[in-house]
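Residue numbering for the sequence shown follows numbering that gives the first Met the number 0, starting at 0 and increasing by one per position. Glycine included, every Cβ here is placed at the ideal spot set by N, Cα and C. Contents: one structure, followed by commentary.
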Amino acid sequence: MADDYLVRIGKLIRDARQHRGWTQSQLAEALGTSQSAVNRIERGNQNISLEMIARIGEALDSEIVSLGYAGPMHLRVVGGRRLSGSIDVKTSKNACVALLCASLLNKGRTVLRRVARIEEVFRILEVLNSIGVRTRWINEGVDLEIVPPATLDLDAIDAEAARRTRSIIMFLGPLLHRMDRFKLPYAGGCDLGTRTVEPHMIALRRFGLEVTATEGIYHAEVERSSPDRPIVLTERGDTVTENALLAAARHDGVTVIRNASSNYMVQDLCFFLEALGVKVDGVGTTTLTVHGVPTIDVDVDYSPSEDPVEAMSLLAAAVVTESELTIRRVPIEFMEIELAVLEEMGLHSDRSAEYPADNGRTRLVDLTVRPSKLEAPIDKIHPMPFPGLNIDNVPFFAAIAAVAQGKTLIHDWVYDNRAIYLTDLNRLGGRLQLLDPHRVLVEGPTRWRAAEMMCPPALRPAVVVLLAMMAAEGTSVLRNVYVINRGYEDLAERLNSVGAQIETFRDI
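As structure tokens, then:
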């Protein structure tokens, strides 16, 4: 029996390594062991401790074995079922993460309503708790209360949790006002000076923050200064804009941020800052003017808005399964381009009158999607900063294009590897041709077929594969779905509530 478990664990590790694109030697180097040892582990010929399994999972950014909590490890999907009824969109994952980081600005009590209970949020909470912030779920686990200590204990930070979320970089903006010198772990792959990190540093240096990186640690030193001219972001990124906003919020003066993202999570952060007493002009535009206050000590109660990417996920589920489904609480301002493209492809849908989200600012509608005969769009599908087609919504068009008549070119120019994972749909009967790391040609319509496969390590492609499995006649298995739990709350259970048949299970 023990040998059988070792073989099964070894297979999971091998599949996770191959999905990461690593050789056995690369995994061995990350673990500080030999290639032959990795080979024995993958063949089930090596006894392996839980500590080693955890280290392998961290190296591969993939949950190998699930212990001690209720999250599912694998999904078994009985496909070919039509969805029906209605389903609500949950609050925005990315907004919730930004607001958790922003709570460090406030000396008072922060209550966030209907916070997404997802792995990404849990990791940030673990980090906050480790440095002395008290958090607790209230109102039957729906809302979150956050109470900061007088002094943060950065020396006690939970480094493992911090390295499992790239959002840790958004601690830099709030912390530069609280201490002159501090250290933060950073997630592997976020090397200082790369395209994804350097724009943060360019913006924050204007407030006197200098950061060096050694052996997986940000070493930050602060000699506070005032930006003497507008901050021009070199990348119109969401987290870059958020970090600049967080730094400007407690800067005693007026800060102008240009080339700012105006995306949904940035707008939610601006609304939250206003609740803290920080005036922000230009919300929804690419120029933000922040009237900072040196001290923030208020009890604040805030409701983040709904997630347009989850709304797109649910819309795609209806399209791929040829279902009629009502998706309630859709943040329409951040879905209008996607819907315009889909209407040109032939999608039939109805929408309600607009009504306000609980934050009082974001516009919502209820959207009913109907079975439609789709045609491939004339133009390629490609993302643009808001108000363009959302970067995170691009992968869902791969599944939608696969059920449309004709060929669709998808150009995912932002990420170097995400388009590659979309070709996993070929395992389920799709006809996707990878033209280069950014472009994929999708030919439809598709006759989906069931399959057993590993979950792609990228969040949105992973959900796209799940949706295709829901459309495929027969029983499919999607293994190692931790990445989905990082971005979606109870997705399988909620899809089951509208007619899907998805079972969660573990091998061990």
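inquiry  = One question on the structure: do Phe206 and Ala246 come within less than 8 Å of each other, judged by their Cβ atoms?
reply    = yes
TODO: Along the alpha helix (DSSP H) that carries Ser35, what are the first and last residues, could you check?
DONE: 34 to 42
Among residues of its own chain, excluding the 5 on either side of His218, which ones have a beta-carbon nearer than 6 Å to its beta-carbon?
Lys182, Thr211
With distances taken between CB atoms, is the gap from Gln34 to Ala27 smaller than 8 Å? yes
**Asked** Which value, in whole angstroms, describes the spacing of the CA atoms of Cys100 and Asn93?
**Response** 11 Å
With distances taken Cα to Cα, identify the nearest neighbour of Ile380 among Thr407, Ala401, Ala97. Thr407
Contacting residues, own chain, Cβ-Cβ under 6 Å from Ser129 (five flanking each side not counted) = Ala155, Ile156, Asp157
Exercise for the section: Could you check what DSSP says for Ser129 in three-state terms: helix, strand or coil? Expected result: helix
ask   = CA-CA distance, Pro460 and Phe396?
value = 10 Å
**Item:** Sequence-distant residues of the same chain with beta carbon closer than 6 Å to Asp280, five excluded per side
**Value:** Thr288
- Under three-state DSSP, which class holds Ala212? strand
In chain order, what residues of the same chain lie with their CB nearer than 7 Å to the CB of Pro198, ignoring the 5 residues before and after it? Leu232, Thr233, Glu234, Gly236, Val239
message = I'd like to confirm the pairing. Which residues does DSSP put opposite Glu374 in its beta bridges?
response = Gln404
- Message: Which residues does DSSP list as the beta-bridge partners of Ile230?
- Response: Ile256
field: Bridge partners - Ala219, DSSP secondary structure assignment
entry: Phe181, Val210
For this session: Under the assumption that Gly498 contacts Leu74 (Cβ atoms under 8 Å), give the Cβ distance between them as a whole number of angstroms.
Result: Between Leu74 and Gly498 the Cβ distance is about 16 Å, and since that is not below 8 Å, they are no contact.
Using only alpha-carbon positions, find the residue among Leu153, Tyr4, Asp179, Leu458 that is nearest to Tyr518. Any property of residue 518 remains undetermined from this structure, which presents the chain solely from 0 to 507.
- [ ] Since I believe Glu353 is in contact with Arg360 (beta carbons under 8 Å), could you give me their beta-carbon distance rounded to a whole number of angstroms?
- [x] Actually they are not in contact, since the Cβ atoms of Arg360 and Glu353 sit about 12 Å apart, beyond 8 Å.
Problem set entry | Per-residue DSSP class, three states only, for Ile516 | This structure leaves residue 516 out entirely; the chain is present only between 0 and 507.
Practice item. Evaluate Phe385 with the Cβ neighbour count: other Cβ atoms within 10 Å of its Cβ, from every protein chain shown; 16 or more gives buried, anything less gives exposed. Key: buried
Distance CB(Val441)-CB(Val318) smaller than 8 Å:
no
Paired residues, beta bridge with His347 - DSSP:
Arg369
Check your understanding: Taking DSSP as the reference, what is the three-state secondary structure of Pro307?
Key -> helix
Assess contact between the segment 164 to 183 and the segment 114 to 123, defined as three or more Cβ pairs (one per stretch) separated by less than 8 Å. Is contact present?
yes
For Lys379, the three-state DSSP class (helix, strand or coil): coil
Buried or exposed: Arg42, going by 16 or more other Cβ atoms within 10 Å of its Cβ? exposed
Quiz item: Can you give the Cα-Cα distance for Gly428 and Pro436, rounded to whole angstroms?
Solution: 21 Å
>> According to DSSP, is Tyr512 part of a helix, a strand, or is it coil?
In response: One cannot answer for residue 512 here, as it falls past the ends of the chain, which runs 0 to 507.
Name the DSSP beta bridge partners of Glu451, please?
Val476
Problem - Residue span of the beta strand (DSSP E) that contains Glu442, given as start and end - result: 438 to 443
Just how far apart, CA to CA, sit Ala53 and Leu30?
-> 11 Å
Grouping DSSP H, G and I as helix and E and B as strand, with all else coil, what is Asp298?
-> coil
- Task: For Val254, collect the residues of the same chain with a Cβ closer than 7 Å to its Cβ; drop the 5 residues on either side in sequence, then sort them by chain order.
- Result: The amino acid occupying residue 254 in the given sequence is Thr; Val does not appear at that position. Only Pro226, Ile230, Ala247, Val289, Gly291 meet the Cβ criterion.
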